[in-house]
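Per this note's numbering, residue 1492 is the first one in the sequence shown, and the count goes up by one each step. Below is one structure, written out as structure tokens; the observations come after it.
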Amino acid sequence: MKISRCTNSRIQTTDFKNLKFGTVFSDHMLICRYEYGKWGEVEIRPYGPIEMNPGTQILHYGQAVFEGMKAFKNDKDEVLVFRKEENFKRLNKSAIRLSIPEIPRDVFMNGLNNLLSLDSQWCSKEEGYSLYIRPFIFASGECIKASSSEEFTFIIITSPTTKYYPGEINVVIEEHYTRAARGGVGSVKAAGNYAASFYPTKQANAKGFQQVIWTDAEHHKFIEESGTMNIWFRIGDKLITPSLSDSILGGITRDSVITLAKDNGIVVEERRILVSEIIQSYNNGNLKESFGTGTAVAVTPINSITFKEERITIPSQKDSFAIMLKKQLQGIQKGKIDDKYNWNSLVS
Ligand SMILES: Cc1ncc(COP(=O)(O)O)c(C=O)c1O
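Below, the structure is given as structure tokens:
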């Protein structure tokens, strides 16, 4: 691995008190190119521009996939990466679906370890802080024929971060636009999934909603997910989340929360959920909570859900499952609670 260190770190001039999610980047990045049928040497170098010609394939056909994961610093100043194995697997699952060659394990794991070790200062120990990690792969061949590229670039950048949504989360059920369809790419992290979600999300934002709840492409009757979060409902004392399908992203936070909830003796159901069931549960007083889960937000309560013109305001609970599960999840991530599931790995 080739490592070139930056000579002028930006850390002293970074305002950690006013971090806007995803806008500040650590000093270094990892880069590895795929050419002539194989991944080449891994290089870590100062964060900076990457050159490309206008004919580069990613710019035309969006052949790109990415991941989102986090590292946390514990009280002993050690950097803990949360469930990196799961992100590695999901990145390669996404790569296969987008006709991108898989990243070898040692490129990802050793590269990530070296990168995080070099930029460990960017992972703040303060409560609420973490280092967001963004691995991504894109088509870097130069050709404007609509076909799979034969050259790719894998990059990892990192970004110091605090809370994602500063305020309330009010969401609206989307009945016209679709995030993902059966047989499509909704269950992987293809860049284009996000591009296609921005227009409907912007329209929802203009009406005062932070996010939309995506529904099934065919009938818009079943709940799928919300923005970049998997969605949950507490009906009575059961937790319900949509079962995974090829139009829902299998969140790693979702999987972690299922494990934690079950260990707390909560009944978890993974199944299809009709929008009408949520409305009915609210009307008969059984809808006690709703929340979203994802790497960026951890576990975030949803304050209201709007369907057609009706706004359901979700009461806050004294014994909130969302708050309890968030505490446990973040406690494990920060190394404060025993990591009995072996979810963390130490950067060495
Ligand atoms: C569409 C979508 N759903 C759900 C999630 C939550 O996944 P995870 O918990 O792995 O971050 C994300 C974020 O990665 C996402 O982009």
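Cβ atoms here follow ideal geometry from the backbone N, Cα and C, with glycine treated the same way. This structure is a prediction, so every number in the text was calculated from the model and none was measured.
Annotation: the continuous alpha helix (DSSP H) that includes residue 1768 extends over 1766 to 1774. The set of residues whose C-beta lies within less than 6 Å of a heavy atom of ligand 1 reads, in chain order, 1559, 1716, 1719, 1720, 1721, 1740, 1742, 1743, 1744, 1745, 1784, 1785, 1786.
It is roughly 18 Å from the alpha-carbon of residue 1616 to the alpha-carbon of residue 1504. DSSP, reduced to helix, strand and coil, places residue 1600 within a helical segment of the structure shown. Excluding residues up to 5 positions away in sequence, 1630, 1631, 1632, 1633 lie with their Cβ nearer than 8 Å to the Cβ of residue 1547 in the same chain. The shortest C-alpha to C-alpha distance from residue 1564 to any of 1522, 1588, 1623 is the one to 1623. Within the region 1542 to 1615, the runs of beta strand (DSSP E) at least 3 residues long that lie entirely inside it are, in chain order, 1555 to 1557, 1560 to 1564, 1570 to 1573. Per DSSP, the continuous beta strand (DSSP E) segment holding residue 1785 begins and ends at 1778 to 1785. A distance of 8 Å or more separates the beta carbons of residue 1706 and residue 1722.
Per the C-alpha coordinates, the member of 1609, 1500, 1502, 1686 positioned closest to residue 1553 is 1686. Nearest in C-alpha terms to residue 1570, of all of 1586, 1641, 1736, 1603, is 1603.
Taken atom to atom, the span from the alpha-carbon of residue 1752 to that of residue 1522 is near 38 Å. Judged by pairs of C-beta atoms under 8 Å, the region 1799 to 1819 touches the region 1774 to 1781, as three or more such pairs exist. In this structure, residue 1742 sits near residue 1784, with a CB-CB distance shorter than 8 Å. In the same chain as residue 1507, and ignoring 5 residues on each side of it, the C-beta atoms closer than 7 Å to its own belong to 1615, 1651, in chain order. Around the beta carbon of residue 1700, 16 or more other beta carbons sit within 10 angstroms, so the residue counts as buried. In the structure shown, the three-state DSSP call for residue 1540 is coil. DSSP places residue 1720 within a strand segment (E or B) once states are collapsed to three. Between the C-alpha atoms of residue 1539 and residue 1599 there is a straight-line separation of about 20 Å. Burial is judged here by how many other beta carbons sit within 10 angstroms of a residue's own beta carbon; residue 1545 has fewer than 16 and is exposed. Between residue 1792 and residue 1660, the gap from beta carbon to beta carbon is short of 8 Å.
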